[in-house]
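Input: a single structure, listed below in structure tokens.
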Amino acid sequence: MLRIASIPAVLVLLVIASLYWSGMGGTQRADFAFINRGDIYTLDLNQMSYMQDFRLTYGIREGLYAPDPETLRPVPAGAMSSETSPDGRVWTFHLRPQAKWSNGDPVTAHDYVFSWRRFLEEPGEYTYLFYYIKGAQAYENACTAYYAEPDKHPRPDFASVGAQAVDSLTLRVTLNDPVPFFLELLAFPPFYPRNEKSMEPFKVIQNEQTGQYAYRTEYTRPPDVVTNGPFNLVRWDYKRRLILKKSDTYWDRANVKSNSIEMVVSENPLSQFLIYETGEVDWQSDVPGDLGAELRAKGRTDLRTSPAFGTAFLTFLCRPNLPDDLGGKPNPLADIRVRQALAMAIDKQVIVDTVTRMGELPARTYLPPDGTLPDFRFKPGPFDSRKESYTDVEVRKLLSEKPTDAGPGLPYNVERARKLLAEAGYPDGKGFPPLPIVFNTDSPVRPKIVQVIKNQWKEKLGITIDIQSLEGKAYKERISKKQYAIAPVAWYGDYPDMSTFTDKYLSTSLQNDSDWQNKTFDELCYRATKEADPEKRVALLSEAEHLIDTEVPIVPLYHYVNVSLSRDNVHGVRPNPRNVTIFKSVYVEK
Amino acid sequence: MLQMALWRIAQFPLILAVIYLLTFTLAWVAPGNPFANEKNMDPTVIANLEKRFHARSAGEFLWHYPKNIVLHGDFGPSMQYREWSVNDIIFASLPVSVALGIFAVAIATFVGVGVGTLAAVKRGGFLDWTSLSIALIGISLPSFVTAALLLMFAAKTKIVPAGGWGSVSSAILPAIALSLLPMAYIVRLTRVSMLDVLGSDFVRTARAKGLSRSIVVWKHCLRNAFLPVLSYLGPAAAFAMTGSFVVEKVFNIPGLGQHFVNSVLNRDRTLILGVVLVYSVFLLTFNLLVDIAYAWVDPRIDVTARKE
Amino acid sequence: MTTAATDTLSATEGEILRVAPREDLFSRAMRSGRVVWGGGIILVIALASVLTLFFTLNESSALYYDRQNAELARVAPKAWPPQAWYGYDNLGRSIFARCLLGGTISMGVGTAAATISVVLGVIVGLIAGYRGGWIDSVLMRSVDVLYGLPYILLVILFKIAFERPLNELFGNAQAANLVVLFSAIGLVSWLTMARVVRGQVLSIRSMPYIEACRSMGLPQGRIFTRHVLPNLIGPITVYATLTVPSAILQESFLSFLGVGINPPLPSWGSLAAEGVGQLSPIRFYWWMLIFPCMLLVVTLLSLNYMGDGLRDIFDPKREAAKL
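Residue numbers (this note's numbering), protein chains in the order written: chain A, 1 to 590; chain B, 591 to 898; chain C, 899 to 1221.
Printed below as a string of structure tokens:
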């Protein structure tokens, strides 16, 4: 009997012991706590890609310029001032002598050059932004060739790149062409500096002969991480929380409003909301659509929304033939009339009203008219009799009323759609092959969107499409390898310039999922890069964007809305189209 | 018994090696690139990453990583969460899962044995049917439904924290959610074996001799009836301890179970292998412990005899 | 996990069964309350699901499973018309219609998966039990190793690997998806059946009367068909009946993860997953969750009861204990 009884006793003791071993016992509440859509993916500048990684980086690092907390326009940060040469190609930056790293080292021009050089020697996702700098792309290619075959290629020389540290406080950058939004780029994390000395223990020499080296990503973790921003990363508990503390070495620490910031991690949307509701965090930065819609219906005043600098759209594969594993047959989507028919048969209002429900605007253009680019003009669509281009305010007004023929891009018009489909050789949808539409299952809205679209096309055009669900990585692989026919995707602008959207559809762009090849488009974009007059540049890019809207290699579905929750006593957090929050000026009034 | 235990432990490396190779093969052939990001990536970038992670070919992977595992116990870096090594991740999440798992198994055992015994003693009656039904609901509803409903209960009533892993009270509901499945099996197992024992001769003799019902049940029958439950505890504990994905996801618990599924979905090959090996070690160890406990509790059983 | 659990159930029941004459079995089955009630409920639900296929798959019917209507999105249940009985989902589709079709699919996938696991398990168990020796050891150690692999990994990988080739083979994405799904679930569930069958074969073979048959000169084939096989039918039936609910739950888990059935096809599991997705402290669209869950609970409980009842019938010793 005793033997039996001992088993439960052992169990109980084990329970209590293990509960304490597993790290129970909380930490003190930070001045400001928030919760993101998910965990941090990486804090290594080279590999950064997701919104939450950038958000945190804005808090711990700073570049030559940084977004102003109120206006979000680039203001001098690591640099005190800058000069531009008359032709706009040579920029000289005077660094701030008081700028220090968290370990006390001064921030020098060498730190910027080192970080940028890393982007070229170990390419990452945003390396393409550096191509604006003279010699950068050539240097990157030379490095790749040299590392692969050192005997056949000369050793690349970084002196050929137009980014040089004149002295420890002066940085000179030479561009290929004038870039009017260069300061915006400098305020974007890929252009931030890094402290080479602190990363040294993590250096890994990959090839003795060529000297190719990399850094183990652990350099971004406390206690070894060295940063130059308003906050220091002092603690990172995997999948639980990150803790930032106000930096004692930051040059503008007088204006940093909070002493400590905590990022709580949860990957379950419902759980994220509960964490906010119970007061454990002050700000929930990304609220999922369904929950947001219910909160809106309840009239919650702590729900904050703003139109976003991003669009959700369907991408069509525009190649002449379908991918091999879909039969390799001729691709009906290669015909522009088919694409236009499909585009005009989608009633986007239904999607916005029943699926996403956050007051998004049904989209007719690729670029969102959210106000980030007030100077942009949208050309009238092919069925619009108006001659002048539309401003973004006019487009917003148009989209929020019922979609009519007038306006940029293609309207919702089933009659025209059916006619075009018949012209293309598929009257009433007869003979149209059942194409697959793939979507990723980790998205809460895309499953519903594709089901709505499938139904609408069936009802209105008589065509059938097959829905295929794929999980995240498999889906990404299919899209990037162009082994799909139709898929829902999205694009957010990285910096406030038109090129962040148009660059995607250049024939040579890696991000051109449709493989849409249009010489006119390429030429317009190329001319825009060379154009010094900002008005003429906007006109060229407006023309280019118009091509996307009319030839529909992609069908815009709706423009995103940023939804967040924050109580009234939280200051400095304001929903904005690019979802940028500068923690420097965030504080909670007690 | 010691000899048996040592012989079993000696077999571990071989079994683990086979499991490692099988898992590696499956993870390698699955389409999907672990390094894929939100946007399409330059082939050069991917090639560089593959080089850094020694993942350019199956041969390179198998040459580099098993060596480190055997020599240093180092599973390498995670392919998805590049700041963290697999060891970091496992050491951070394993204690949580272990705690939660033990808690869940404890609840399942206590409640399950109690309910099962009552059901057997009052067989055919109302208590038998209802208790069985309640237990069976645990295996008739998908676990994500029960977990979500419990979470809602916590959110509405605010008696215990709704999710997270901070205080002892935050572990109660997840443990209950995790215990439902093993509890259902334990109830049935206890009931069945209790019925067996109650019908046996020595019970009838004891009752005829005038021993009270409770003493007969709790003192004599329970020990015999408990044996099948004991042998079930092995796999149950291993399962519960390496975490249940659903409970961890719904209650936002930073345990190991989420990595089971997420690492597969992310094609994070180093993490998959690390997690699978941990799971296998637990499973093998627990099965061994259960066999030992089995013999200890009932000296009549000769565990060294080949189980046929 | 469930495979490990039911395996130890079998460990307690490695007893020898006696063959009862067939007529007696059936009438005894009919007398067992659990079999009758459990089986009856299953039959009713299955018939309802299958007979209404004519409506739920018919695009012009009001009960069409994918009839979307923006006006009816998330509307609560009403007493009339029939499609409103369970309310409407996010896209304005009748949940009643989707539950009916979902029943066919869930039970179909469950049964198909159970069939695969039975067939595989019996084959492997028979070979291991009959041949013995090193074949037996290899097979059983392999089963041990497979127990060690997390089944979710196997299912996901199987699904990913085979869905596209099957899609090309069938030309129909929905069919390929269903086939892959039940094959994957069946392929990870056969382990318990193999162990049970093997155990049974071993205990039967060592019985004295089988020895007697052999020494009398009866051919192996006859021994197998007339003595061994009838004794296997009992445990196989019981475990098959108990594998179906486990398969249905596994399918619902896969749907929750997003690697289950392809929309817009419904299954009770995917409907429950959608219902859970709607759960929030702000507003609870209860009909989206309660009805699919109710159907799941009733069906699975009935299957479990039926299995329990069958097990009691096939094992007379247990019957005696109850009396």
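Ideal Cβ positions, reconstructed from N, Cα and C, are used throughout, including at glycine. None of these values were measured; they are calculated from a predicted model.
Under 6 Å Cβ to Cβ from residue i, same chain only, skipping five residues before and after it: list those, please.
i: Ser507(A); result: Gln517, Asp522
i: Gly1207(C); result: Ser930, Arg932, Val933
i: Val705(B); result: Ser721, Val777
When the cut-off is 8 Å and only beta carbons count, does residue i lie next to chain A?
i: Val635(B); result: yes
i: Phe850(B); result: no
i: Pro732(B); result: no
i: Asp990(C); result: Checking the displayed sequence, the identity of residue 990(C) turns out to be Gly instead of Asp. Yes, Gly990(C) counts as interfacial toward chain A.
i: Arg1062(C); result: yes
i: Asn956(C); result: no
In the DSSP output, what is residue i paired with across the bridge?
i: Val438(A); result: Gln468(A)
i: His546(A); result: DSSP lists no partner for His546(A).
i: Asn455(A); result: Looking at the DSSP assignment, Asn455(A) forms no beta bridge with any residue, so it has no partner.
i: Asn562(A); result: Ser306(A)
i: Thr220(A); result: Thr220(A) is not bridged to any residue.
i: Met263(A); result: Phe34(A), Leu242(A)
i: Pro74(A); result: Pro67(A)
Within 8 Å of any Cβ in chain B, is that where the Cβ of residue i sits?
i: Pro1179(C); result: yes
i: Arg221(A); result: yes
i: Ile275(A); result: yes
i: Leu1037(C); result: no
i: Ile1224(C); result: Since the first residue of chain C shown is 899 and the last is 1221, residue 1224(C) is not available in this structure.
i: Leu19(A); result: yes
i: Arg639(A); result: Outside the displayed span of chain A (1 to 590) sits residue 639(A), for which this structure offers no information.
I'd like to know if residue i contacts chain C, where contact means its C-beta is closer than 8 Å to some C-beta of that chain.
i: Leu270(A); result: yes
i: Ser760(B); result: no
i: Ala487(A); result: no
i: Gln711(B); result: Per the sequence shown, residue 711(B) should be read as Val rather than Gln. Judged by the 8 Å Cβ criterion, Val711(B) is not in contact with chain C.
i: Ala345(A); result: no
i: Val619(B); result: yes
Using a Cβ-Cβ cutoff of less than 8 Å, which residues in the same chain neighbour residue i once the five nearest sequence positions on both sides are dropped?
i: Asp87(A); result: Pro178
i: Glu531(A); result: Arg537, Leu540
i: Trp251(A); result: Arg96, Gln98, Ala99, Lys100
So residue i packs on residue j, CB below 8 Å; how close in whole Å?
i: Pro979(C); j: Trp1185(C); result: About 15 Å; that fails the 8 Å criterion.
i: Ala1010(C); j: Leu989(C); result: The pair is not a contact, with the Cβ atoms about 28 Å apart (cut-off 8 Å).
i: Lys203(A); j: Tyr192(A); result: Not quite, the Cβ-Cβ distance comes to about 19 Å (not below 8 Å), so this is no contact.
i: Leu690(B); j: Leu770(B); result: With 8 Å as the limit, Leu690(B) and Leu770(B) do not qualify as a contact, their Cβ atoms being about 14 Å apart.
i: Met1091(C); j: Val1016(C); result: 6 Å
i: Val905(B); j: Ile724(B); result: Because residue 905(B) is not part of the residues shown, which for chain B are 591 to 898, the question remains open.
Find the nearest neighbour of residue i within the set the options, judged by alpha-carbon distance.
i: Tyr219(A); options: Arg172(A), Met199(A), Ile465(A), Gly289(A); result: Met199(A)
i: Asp987(C); options: Leu1201(C), Pro1190(C), Ala1145(C), Gly938(C); result: Pro1190(C)
i: Arg1039(C); options: Trp618(B), Asp858(B), Leu606(B); result: Leu606(B)
i: Ser870(B); options: Ile843(B), Gly824(B), Ala709(B), Phe835(B); result: Gly824(B)
i: Pro369(A); options: Gln349(A), Pro382(A), Glu388(A), Leu399(A); result: Leu399(A)
i: Phe378(A); options: Lys397(A), Lys402(A), Gly409(A); result: Gly409(A)
i: Asp224(A); options: Pro269(A), Phe231(A), Asn103(A), Val10(A); result: Asn103(A)
i: Gln1072(C); options: Lys298(A), Lys402(A), Pro436(A), Lys460(A); result: Pro436(A)
i: Leu855(B); options: Phe1080(C), Ile1180(C), Ile1033(C), Phe1056(C); result: Phe1056(C)
i: Ser1087(C); options: Ile1033(C), Val1041(C), Leu1067(C); result: Val1041(C)
i: Thr550(A); options: Leu373(A), Asp335(A), Ala474(A); result: Asp335(A)
i: Glu140(A); options: Asp157(A), Phe158(A), Leu120(A), His153(A); result: Leu120(A)
i: Ala1012(C); options: Ser1035(C), Gly1084(C), Ser1004(C); result: Gly1084(C)
Tell me which same chain residues have a C-beta within less than 7 Å of the C-beta of residue i, skipping the five on either side of it?
i: Asn176(A); result: Tyr132, Lys134
i: Leu726(B); result: Ala774
i: Asn1160(C); result: Ala1071, Gln1072, Asn1075
The ligand FMN and residue i: does any heavy atom of the ligand fall closer than 7 Å to the residue's C-beta?
i: Leu684(B); result: Within the structure as shown, the ligand FMN is missing, as the structure has no ligands at all.
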